[in-house]
Amino acid sequence: MIGLNSHRSICTFAADGATWDADYPVTNLGSLPLARVARTDDASEANTKFTGLFSGTVGMRLLLIGPHNMLPSTDPTYRLRLYSDAGLSTPVYDSGAGQPVWPAVYDSLSLEWEDDQFWTGAYADAQVAAWDSWLPIWLDQIYLCRGFRLELSDTSNADGYIQAGLVEPAMGHQFSANVGFGAQYGFRFRSTSRESDGGSKAFRRRRAPQVWEGEIRLLARDEAMARYLDLLRQNDLVDPVAWFPHPEEPLHWPRTVWLARIVDPGLSTLAGPRRDTIPIKLEQVL
């Protein structure tokens, strides 16, 4: 699934009665770079919420929030509501309160009884402290809406506030064909090292973006044109998209879902009668 039809450029973010830091306003959620964060004034539930209002009615199935500073140990939660009117008073979707920001990421069979994470299956704080953490929300269908309200709850946040670099609302598209076997994914390591005359090494650690490269084979040509070719034309190498390589595997979303930019993937292939094979090559936005 890819975050086709981003609505961020037509979305106005507002504090919804909450107090956000004047130096890191809620409007920062709508633009890059990710380092220009939005930050709440404190971690009270009254101040950890915001709204997004679109300039018109849009189809929405996806919301991606991050990088954020919420850690698994404090059990942060969210509630998302979508509305059909500009006044945000007529709901068309409600996730319900208490949805986990950090769901289980380990199958219970993969952990030992003595493991601190045996009962939760979630990450430990130390495991996520050095990476960009994203909260992915993938809805059960596309909802027509004029805006949304997101309420976060993390009152025990060690920083004393919640912050995030971007909110990406989008329609999203789940391709009708699977990714072909042989797709490759991992990290592009950027750390450097210097070796002394005696052979010891000194390292400078730099963040490593995730990368993904593969093909979707024998995709119906109408879908390849209307969804993929149009995406390349509109986004080029510049505008990012949300990337969900395995939407059916929420266990791995904290590992595999990120904001991506297209890397020149090469050319599509006429693979058969009204069937195309499309190449996808992506790199994580840091």
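The numbering of the sequence shown is this note's numbering, which starts it at 522 and goes up by one.
We treat Cβ as the ideally placed atom computed from N, Cα and C, and that holds for glycine.
Close Cβ partners of tyrosine 614 (< 8 Å) along its chain, the five nearest in sequence each way excluded:
Leu601, Arg602, Leu603, Leu660, Tyr664 and Cys666
Please tell me whether phenylalanine 575 and aspartate 537 are closer than 8 Å, where the distance is taken between their beta carbons.
no
Which class does tyrosine 604 belong to by DSSP, given the choice of helix, strand or coil?
strand
With a floor of 3 residues, list each beta strand (DSSP E) that falls wholly inside the region 692–722, ordered by position along the chain.
705–708 and 713–716
With which residues is valine 626 paired in a DSSP beta bridge?
Valine 626 pairs with nothing; no bridge assigned.
What is the C-beta distance between asparagine 549 and arginine 557, in whole angstroms, given that I count them as a contact (C-beta under 8 Å)?
5 Å
Would you check whether the ligand NAP has a heavy atom nearer than 7 Å to the C-beta of glutamine 731?
Inclusion of the ligand NAP in the displayed structure is not the case, the ligand content being empty and no account of it being possible.
Three-state secondary structure (DSSP) at glycine 551?
helix
Tell me whether glutamine 731 is buried or exposed, calling it buried when 16 or more other Cβ atoms sit within 10 Å of its Cβ.
buried
Going by beta-carbon coordinates alone, are tryptophan 655 and valine 778 separated by less than 8 Å?
yes
Can we say the region 682–690 touches the region 609–626, given the rule of at least three CB pairs closer than 8 Å?
no
Would you list, in sequence order, the uninterrupted beta strand (DSSP E) runs of no fewer than 3 residues that lie entirely inside the region 747–788?
762–764 and 779–783
Contacting residues, own chain, Cβ-Cβ under 7 Å from glutamate 716 (five flanking each side not counted):
Lys722
So what does DSSP say about glutamine 662, is it helix, strand or coil?
strand
By alpha-carbon positions, which one of Asp606, Asp628 and Asp680 ends up nearest to alanine 564?
Asp680
Pull up the distance between the alpha-carbon of glutamine 787 and that of asparagine 590, whole angstroms please.
Checking the sequence shown, residue 787 turns out to be glycine, not glutamine. Computed Cα separation, rounded: 36 Å.
Which partner residues of tryptophan 541 appear in the DSSP bridge assignment?
Thr561
Stretch-stretch touch, CB-based, cutoff 8 Å, three pairs: the region 768–775 with the region 736–745:
no
Is the distance from the Cβ of methionine 581 to the Cβ of histidine 694 below 8 Å?
no
For serine 677, the nearest candidate out of Ala792, Asp760, Glu566 and Ala539 (CA to CA):
Glu566
Here's the rule I'm using: 16 or more other beta-carbon atoms within 10 Å means buried, otherwise exposed. How should arginine 560 be labelled?
buried
Report yes if the CB atom of proline 588 is closer than 8 Å to the CB atom of leucine 555, and no otherwise.
yes
So, using beta-carbon positions, are alanine 618 and threonine 641 closer together than 8 Å?
no
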